[in-house]
Amino acid sequence: MQLSITALTTLAFVTLAQGMVIPSVEPIKRDQTANSTIASPPVPKARLIMAPSDVAVANKYIVVMKSNISSTAFQAHKKSVQSIHSTSLATSQKAFAASSEGSGIVSEFDIDNYMKGYTGYFTEDTIKSLQQLSEVEFIEQDATVKTFESAKQTNATWGISRISSKKSLNGATTGTYLYDDEAGEGVTAFIIDTGVNVKHEEFQGRASWGKTFPTDGDQDGVGHGTHCAGTVAGKTYGVAKKADIVAVKVLGNDGSGTNSDVINGIQWAAAQHKNNVATKSGYKGSTANMSLGGGKSTAVNNAASAAVKAGLMLAVAAGNENQDACNTSPASCPDVITVAASNNKDARAYFSNYGECVDIFGPGVDILSAWIGSTTATNTISGTSMATPHITGLLTYFLSLAPASDSEFSSASSSLTLEQIKKAIVAFGTQDVISDVQGTPNVLAYNGAGGDLSKFWKFV
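UniProt numbering puts the first residue of the sequence shown at 1, with every later residue one more than the last.
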C-alpha cells in the first residue's frame, strides 16, 4: 500500500567582428514602417512545470526561490507577488476560482535554508509575471498525492522476522525476531502520512501528535499512518521498539493530499529535528517515513533533499504500480532511501515498483501492524508502504545504537549523514536473494540479528 518538463531550448548569439560588412536585408514588408519594431515576448527566467491534468490542483502553484535569496529580499518578493496578483485579479477577463483557502500566497516553506518558497492560488497572468522574476528558480503546479493502494489479507507477521535473518523463512512461518532491546531509544521517527492513532497500546505512550496540514482533524481516519508507525516502533510489530513516534498528517481522511502539503510536512519535521538536536540531551537523531507518492515532482524531490541535508533520515516508498520507480516522487529523489517490497518467498512483490531509483527491498506483503478504531486494533495489509517502515525502523535502530564516543567506531557516529548510513544498510543487507528484481539492486534489509554491529559500522 502506498498512499497516494518542460524542454529547455537555448539560443545561440553571434557577435559580428568590428568592421565586418553586414549583408543587406530584405526590404521592409507591407504593414511595417521604417520606424516600427517587432517586440518578441520576454523569455521566461523561471521554468513552469505543469502537472498532469488528472492530478492537477487548479490554479494552485508551488513557487521555489533561488537558494541565495536573502530574508529581506524574500519578504520584498512576497509583497510584490501579492500586488501583482491583486492587479491581475482586478484586470483579468477570466473568472478566477480559487479554493476556499483563498487566493494569493497561502503558505510558505523554508527547509533549513536549503529550499525556500511558497504555495498559493494564482491567475495565469500572475504566473507569467512570476516567471520573469530573476529570484524565482522554478514554478510547479500543485498536484494530488495518495497512499499506495493496498490489498487486505490475513496471515501473521513475518516481516520483522525476515529482516533479522540471513536465511529465507519457510513459507508464511513467523519465525523469531532477533534484535537489541535498546533499539530506538533517543531517536524520533516522524510519520508523514495520514496521522497516527497515538493512544494505541503498541506505542506505550511514546507516540504524540505533531502537526496537521489537511483540514479534516487531528486523527488518523484511514489507518495507513498508524500501520506504518507500528512497523517502525510498535512494541509487538516494530523494528525499533523504544523510539518516539510523531504524527505529521499530510494526507486527508480519504488517503489523498497535495504536493504542497507534503512539502509543508517535510519542512515541519526537519524544523522539529533541528529543535530536538538543540534542546534534547542525549538526542541521537530523527528519521521520517513517507509511504506516499504521486507523479514525478521536482518540488517534492527538492524538499526531500533539503530535509536530508538538514539531518532528517528519510525513507520513502517505491510505489505500487509495477513500474519504474524513477517515474514517481519522492521515490525518484536520489538523496533519500527508496524501498521496494518483497514477499515471504523472497520475491519482488508483484505490485512493487522497481529499477535503479530503488535502494533496497523490505518485507511488504501480508504485514500485520497497529490500526485505528481502538487502542488494540490491528490489520494485515500489503504494499511498498508496508516495506518502507521496515527500513525507517532500521534507520532508527542503527541511529540509536551508534557507537559511543570512546569506541573505535566513534567517527562513524559523529554527524552521521543519510548517505553514509544508506551505504552501510545496503552493504550490510542480505545480498542476491530476491527473485524478479527487474533491474533493482538485489538487497534485502537486515538488522544484524541483535548481535555485534561492528561490521555494520565499518561500512559507514
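Note that beta-carbon positions come from the ideal geometry of N, C-alpha and C, so glycine has one too.
Residues near Asn276 in its chain [Cβ-Cβ closer than 7 Å; skip 5 each side]: Thr188, Tyr283 and Ser286
Glu135 and His77 look like a contact to me (Cβ under 8 Å); what is the Cβ gap, rounded to whole Å? With a contact defined as Cβ atoms closer than 8 Å, Glu135 and His77 qualify at about 6 Å.
Outcome for residue 464 when other beta-carbon atoms lying within 10 angstroms are tallied against a minimum of 16: As displayed, the chain neither begins before 1 nor continues past 460, which places residue 464 out of reach and without an answer.
Following the continuous beta strand (DSSP E) through Trp209, name the residue where it begins and the one where it ends. Ala207 to Thr212
Go ahead and label Asp406 buried or exposed: buried means 16 or more other beta carbons lie within 10 angstroms of its beta carbon, across all protein chains shown. Caution is warranted here: a pLDDT of 44 is assigned to Asp406, below 50, making its placement in the model unreliable, and no coordinate value can be reported.
Looking at C-beta atoms only, is the number of pairs between the stretch 370-377 and the stretch 446-456 that lie closer than 8 Å three or more? no
Return the residue from the list Asp366, Ala402, Asp335 and Ile337 that minimises the CA-CA distance to Tyr350. Asp366
Val316 versus Ile192 - alpha carbon distance: 10 Å
Below 6 Å CB to CB, which residues in the same chain sit around Asp220 once its five sequence neighbours on both sides are set aside? Thr194, Gly195, Val196, Asn197, Thr226 and Ile372
Compute the Euclidean distance between the alpha carbons of Asn155 and Arg348, then round it to the nearest angstrom. For Asn155, the pLDDT reaches just 40, beneath the cut-off of 50, and the residue's location in the model is therefore unreliable, although a value from the coordinates is still provided. Whole-angstrom Cα-Cα distance: 18 Å.
Gln323 and Asn353 look like a contact to me (Cβ under 8 Å); what is the Cβ gap, rounded to whole Å? Contact between Gln323 and Asn353 holds: their C-beta atoms lie close to 6 Å from each other, under 8 Å.
Quick check on residue 476: does DSSP put it in helix, strand or coil? Since the displayed the chain opens at 1 and closes at 460, residue 476 lies outside it and no answer follows.
Check whether the stretch 210-220 touches the stretch 230-240, taking contact to mean three or more Cβ pairs, one atom from each stretch, closer than 8 Å. Contact fails: fewer than three Cβ-Cβ distances are below 8 Å.
Beta strand (DSSP E) runs wholly inside the stretch 332-399, at least 3 long, in chain order: 337-342, 360-363, 367-370 and 378-381
Which word fits Thr396, buried or exposed, when buried means at least 16 other C-beta atoms lie within 10 angstroms of its C-beta? buried
Name the residue from Gly117, Ala341 and Ala46 whose alpha carbon lies nearest to the alpha carbon of Ser71. Gly117
Short of 6 Å in beta carbon distance, which residues of its chain neighbour Val250, apart from the five on each side in sequence? Order them along the chain. Ile192, Phe213, Gly257, Asp261, Val262 and Gly265
Under 8 Å between the Cβ atoms of Gln141 and Ala56? yes
Alpha-carbon spacing of Ser161 relative to Thr231, whole angstroms: Roughly 12 Å separates the two Cα atoms.
In angstroms, rounded to a whole number, what distance separates the CA positions of Ser290 and Ser385? Checking the displayed sequence, the identity of residue 290 turns out to be Met instead of Ser. Approximately 8 Å, taken between the alpha carbons.
Tell me, please, which residues DSSP counts as bridged to Val246. Phe190 and Ser208
So, is Ala341 buried or exposed, given that buried needs 16 or more other C-beta atoms within 10 angstroms? buried
Contact defined as beta carbons within less than 8 Å: I believe Ala303 pairs with Ile111. What is the distance between those atoms, to the nearest angstrom? 6 Å
Can you grab the Cα-Cα spacing for the pair Ile38 / Ile127, in whole Å? Confidence is the limiting factor: at Ile38 the pLDDT is only 47, short of 50, which leaves the residue's position unreliable, though a coordinate-based value still follows. Rounded to whole angstroms, Ile38 to Ile127 spans 24 Å at the Cα level.
Per DSSP, which one or two residues make a beta bridge with Ile139? Leu48 and Val63
Look at Cys357 and Ala387 and say whether their C-beta atoms are less than 8 Å apart. No.
Using a Cβ-Cβ cutoff of less than 8 Å, which residues in the same chain neighbour Ile391 once the five nearest sequence positions on both sides are dropped? Counting only Cβ-Cβ distances below 8 Å, and skipping sequence neighbours, we find Ala315, Ile337, Val339, Ile360, Gly362, Ile425 and Ala445.
Under the rule that 16 or more other beta-carbon atoms within 10 Å means buried, what is Met50, buried or exposed? exposed
Check the C-beta distance from Leu376 over to Glu201 and give it rounded, since I have them as a contact under 8 Å. One point to set straight first is that residue 376 is Thr, not Leu, in the sequence displayed. With a Cβ gap of about 6 Å, Thr376 and Glu201 count as contacting.
Looking only at DSSP bridge pairs, what is Met290 linked to? Val316
Give me whichever residues DSSP pairs with Gln131 in a beta bridge. For Gln131, DSSP assigns no beta-bridge partner whatsoever.
Tell me whether Asn379 is buried or exposed, calling it buried when 16 or more other Cβ atoms sit within 10 Å of its Cβ. buried
Range covered by the beta strand (DSSP E) that runs through Ser80: Note, Ser80: premise wrong, no beta strand (DSSP E); alpha helix (DSSP H) at Ser71 to Thr91.
Neighbour-count burial assignment, Gln272, 16 or more Cβ in a 10 Å radius: buried
With a threshold of 8 Å on Cβ separation, who are the neighbours of Glu182 within its own chain once the five nearest residues in sequence on each side are excluded? Lys242, Ser400 and Leu401
Quick one: Cα of Ser297 to Cα of Asp335, how far? 14 Å
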